[in-house]
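Chains as they are written, first to last, in this note's numbering: chain A, -15 to 347; chain B, -15 to 347.
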């Protein structure tokens, strides 16, 4: 039985990308690596529609979220955390772990954050130094209206730092970083980028560099200043995940050839297959339609069906690997990942399998 | 021209290990990954001759050095950093970055640390909370006599924390962690383990866990408490470098089949080929013979020869990739890596190439 890996990362990779990941090692401080990282950094900047600095670190998405915080803030700094789910909460937890004073603006799960509420929170406390915000909340299948949120933030506080978790959106959903005037944006290789996990990407703008000069949170491994110094020599500060760099080389060629607008359009089309398919089965999305994500769909487990068992049956009997719900959503939703190297047929196959599996589970 | 990658990591990997690294992605929170990480953790503990807890993190060696520190110490804690090279210095820099008060005991580069000097430093300041020490100093080709150092430390301070950078030694040079009563020991996948970079390993003993309860340095990504919670469920806290886990599966089988004592013996034999070969060319080791490392040989660039050019010629004309000297040793030494998947012939080929290259460079 072939496996249809439909979790929101790690996502399946094209065969030739995987083959490249199996290449023999090279010197990570030699000329071949230097050419590779220079080329990839430049291609990634273009695909991310940004002129900001761009750093590749060997870590997961959580690691680059930590990088966003520790490179721009000091202990005691007040920050506003706009959270609509598990990963939004995590962003605030990281800031707290490093001594920031976090005001949480928690939105209802399944809905997007309200730009005007964010603006009011900023008006209520003029000492806030930064806003932490999730672009695409993987735990609830919600894409925040980040353009509107950023506009509301800038209206009230033109110079506040905006730190964005775009782990499951960048490269898959439109996110014009410079146009929206975002300061730090992070993502990770195993999401939209069609390569295995191990690399985190950090977009770091001029306002973030100004903040870096004063930021007193301790940092070493995730220090963007060190990343900058080494990148100038064609290196990463610490030994990188060379294999994934090899894969990224091919993946970026494919993404470039497709074109970023076409990639966004493909993700939207595939997501529509998921949304319409779910509805055709009489199921409901967990998220509001108006903010339903183009990279992951969260679906309510229907009354009377065991959500954990559903995920198990889908895997064992249909070869479809879905994600369950996290924390309080465990058993209550299941999630279909549709980002990266994904096409309509991959998601249609999930719907077809659900159509067979659900009745056997009492639906 | 085939390439003979002879830097002290990333080290070459066996073909089937590389092929495994090219496997398609799986769910890192699913049953297959759970079985894999449980099996690998147990095998690694055996190969590392330890009953201490063992955690695999997606990062480089520097990342797990940071993990050793932030999980056991608090800002303001006094620590003794025993350094005999670049990586020893780095260990102290990480501790300083997180607010430790670091007393540096700097030994002459090329020599090992003196156990009695370490003991005296501990006697001189009874408030020291931890000793940071490098087992194998990659920058100078020195293996510290860690057993004697640990014994001297325990004589003076039976309960002080001993944090060990064994990045380029564990799994290649004898390091009986429990017998030597070491508290935290770290290494990384691209060194002795015959797999690509991306994974750091953390050995964490009972005294370290006691320290963890009080340790107030901020941490999130590198939190071993989170690693422990997730490992109990067969997971890593954050999305891991799945590809390298696939490779590690095969590499551990090979290492087990060879047997740890045979692996140590092989590294010693291969290192002898390097040391005798270098001498046969009339060259000198940078390190004292008594502490010359079995995983990396540092060799003095002979008078009149351009060390940077030598490394270039070896690479371009002979396909031999050597490492140069770091920081103040740049151009003054070159280094031959001989750890991991390495045999006598690999190092003999380096000597043979040097025999041709050196005379052309004025030697």
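Glycine included, C-beta positions come from ideal geometry on N, C-alpha and C.
Where do the N-terminal and C-terminal ends of the alpha helix (DSSP H) with residue i fall, by residue?
i: residue 229(B); result: 226 to 242
i: residue 130(B); result: 130 to 140
i: residue 216(B); result: 208 to 216
i: residue 0(B); result: -1 to 5
i: residue 97(A); result: Run containing residue 97(A): none; DSSP gives neither H nor E here.
Looking at C-alpha atoms only, which residue of the options is the closest neighbour of residue i?
i: residue 122(B); options: 113(B), 46(B), 85(B), 12(B); result: 46(B)
i: residue 327(B); options: 279(B), 153(B), 41(B); result: 279(B)
i: residue 205(B); options: 96(A), 51(A), 6(A), 33(A); result: 51(A)
i: residue 187(B); options: 232(B), 198(B), 155(B); result: 155(B)
i: residue 337(B); options: 265(B), 289(B), 310(B), 190(B); result: 265(B)
i: residue 150(A); options: 72(A), 102(A), 213(A); result: 72(A)
i: residue 168(B); options: 315(B), 10(B), 34(B); result: 34(B)
i: residue 131(B); options: 140(B), 110(B), 109(B), 99(B); result: 99(B)
i: residue 172(A); options: 222(B), 238(B), 314(B), 60(B); result: 222(B)
i: residue 251(B); options: 81(B), 268(B), 176(B), 299(B); result: 176(B)
i: residue 395(A); options: 23(A), 108(A), 80(A), 248(A); result: The requested residue 395(A) does not occur in the structure, where chain A is confined to residues -15 to 347.
i: residue 309(B); options: 340(B), 271(B), 218(B); result: 271(B)
i: residue 19(B); options: 220(B), 318(B), 148(B), 286(B); result: 220(B)
i: residue 118(A); options: 85(A), 86(A), 49(A); result: 49(A)
i: residue 298(A); options: 14(A), 10(A), 8(A), 340(A); result: 340(A)
i: residue 85(B); options: 93(B), 53(B), 137(B), 69(B); result: 53(B)
i: residue 210(A); options: 231(A), 32(A), 55(A), 28(A); result: 55(A)
i: residue 311(B); options: 116(B), 26(B), 16(B), 124(B); result: 124(B)
i: residue 103(A); options: 197(A), 92(A), 64(A); result: 64(A)
i: residue 355(B); options: 112(B), 166(B), -6(B); result: Residue 355(B) is absent from the structure shown; chain B starts at -15 and stops at 347.
i: residue -15(A); options: 301(A), 17(A), 157(A); result: 301(A)
i: residue 321(A); options: 256(A), 145(A), 225(A); result: 256(A)
i: residue 68(B); options: 307(B), 97(B), 75(B); result: 97(B)
Which residue comes first and which comes last in the beta strand (DSSP E) that contains residue i?
i: residue 339(B); result: Taken as a continuous stretch (DSSP letters only), residue 339(B) belongs to no beta strand (DSSP E), being part of the alpha helix (DSSP H) at 328 to 344.
i: residue 145(B); result: 145 to 149
i: residue 284(B); result: 280 to 284
i: residue 319(B); result: 317 to 321
i: residue 184(B); result: 182 to 188
i: residue 294(A); result: Careful: residue 294(A) lies outside any beta strand (DSSP E), inside the alpha helix (DSSP H) at 291 to 302.
i: residue 115(A); result: 114 to 118
i: residue 221(A); result: Unbroken run through residue 221(A): none, as it is neither H nor E.
i: residue 172(A); result: 168 to 172
Starting from the beta carbon of residue i, find every residue of chain B whose beta carbon is closer than 7 Å, and list them in chain order.
i: residue 11(A); result: -11, -9, 305
If the cut is a Cβ gap below 8 Å, which residues of chain B does residue i touch?
i: residue 260(A); result: Within chain B, no residue comes near residue 260(A); the closest Cβ sits about 25 Å away, beyond 8 Å.
i: residue 50(A); result: 204, 205
i: residue 14(A); result: 299, 305
Using a cut-off of 8 Å between C-beta atoms, extract the partners of residue i located in chain A.
i: residue 7(B); result: 2
i: residue -5(B); result: 9
Just the chain B side, please: which residues come within less than 9 Å of residue i by C-beta, in chain order?
i: residue 291(A); result: Near residue 291(A) there are no residues of chain B at all, since even the closest Cβ is about 15 Å away, more than 9 Å.
Examine the ligand GDP and report whether any of its heavy atoms sits within less than 7 Å of the Cβ of residue i.
i: residue 276(A); result: This structure simply doesn't include the ligand GDP, nor any ligand for that matter.
Proximal residues, the segment 68 to 83 of chain A versus chain B, C-beta separation under 8 Å: Within the segment 68 to 83 of chain A, contact with chain B at the beta-carbon level (separation under 8 Å) is assigned to 77, 78, 81, 82, 83.
Unbroken stretches of the beta strand (DSSP E), 3 residues or longer, contained in the segment 25 to 92 of chain B: Fully enclosed beta strand (DSSP E) runs of 3 or longer: 37 to 43, 62 to 67, 85 to 90.
Members of the segment 21 to 46 of chain B that neighbour chain A once the beta carbon cut-off is set at 7 Å: Those would be 42, 43, 44, 45, 46, in chain order.
The segment 170 to 194 of chain A: positions lying closer than 8 Å to chain B by Cβ: Listed by position, the residues of the segment 170 to 194 of chain A near chain B (Cβ gap below 8 Å) are 172, 174, 180, 181, 182.
Near-chain B residues of the segment 201 to 230 of chain A - C-beta to any C-beta below 9 Å: Using a CB distance below 9 Å, the part of the segment 201 to 230 of chain A facing chain B consists of 201, 202, 203, 204, 205, 206, 207, 220, 221, 222, 223, 224, 225, 226, 227, 228, ordered along the chain.
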